[in-house]
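What follows is a single structure, written as structure tokens, with notes after it.
Numbering (full-length UniProt numbering), first residue to last: 1 to 121.
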């Protein structure tokens, strides 16, 4: 799990493995810290070998939901690079359900294509 602030309006995430409650809390706290002050943000997610989060991790995420909705309004585009079909489907559904944000999925080997898509936004 790694989050990097690439520029004033760009975050890059790398997620692997399984999220338990402690990792979810740490991830969300770091996400809020590193996204501070972003406007018209872009995010690049690289998600590989990822397992379904534990129930306790999902409970932590639910407690953060009000803050997440506030943050999401500052994000315009998200590129998701993944090797997992359920993540790809979840990203497409989220892109349709969350107003004001465009989410596009890419295969793990399409990093350059994802970068170009983000840059075009």
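Backbone N, C-alpha and C fix where the C-beta goes; we use that ideal spot for every residue, glycine too.
Classify residue i as buried or exposed, calling it buried when 16 or more other Cβ atoms lie within 10 Å of its own Cβ.
{"i": "residue 82", "result": "buried"}
{"i": "residue 41", "result": "buried"}
{"i": "residue 27", "result": "buried"}
{"i": "residue 67", "result": "exposed"}
{"i": "residue 44", "result": "buried"}
{"i": "residue 108", "result": "exposed"}
Could you check which residue in the options has the C-alpha nearest to that of residue i?
{"i": "residue 35", "options": "19, 12 and 17", "result": "12"}
{"i": "residue 22", "options": "1, 38, 8 and 7", "result": "1"}
{"i": "residue 19", "options": "8, 32 and 60", "result": "60"}
{"i": "residue 151", "options": "87, 80, 73 and 65", "result": "No answer is possible for residue 151: the residues shown for the chain start at 1 and end at 121."}
{"i": "residue 99", "options": "84, 71, 57 and 119", "result": "71"}
{"i": "residue 7", "options": "37, 25 and 69", "result": "37"}
Is the CB-CB distance between residue i and residue j below 8 Å?
{"i": "residue 78", "j": "residue 101", "result": "yes"}
{"i": "residue 15", "j": "residue 47", "result": "yes"}
{"i": "residue 106", "j": "residue 116", "result": "no"}
{"i": "residue 74", "j": "residue 39", "result": "yes"}
{"i": "residue 17", "j": "residue 49", "result": "yes"}
{"i": "residue 31", "j": "residue 3", "result": "yes"}
Among residues of its own chain, excluding the 5 on either side of residue i, which ones have a beta-carbon nearer than 7 Å to its beta-carbon?
{"i": "residue 5", "result": "11 and 34"}
{"i": "residue 25", "result": "60"}
Beta-carbon within less than 8 Å of residue i's beta-carbon, same chain only, minus the 5 sequence neighbours each way: which residues are those?
{"i": "residue 76", "result": "40, 41, 42, 100, 101, 102 and 121"}
Subject >> Continuous alpha helix (DSSP H) assignments of at least 4 residues falling wholly in the segment 25-101 >> reply: 55-72 and 85-97
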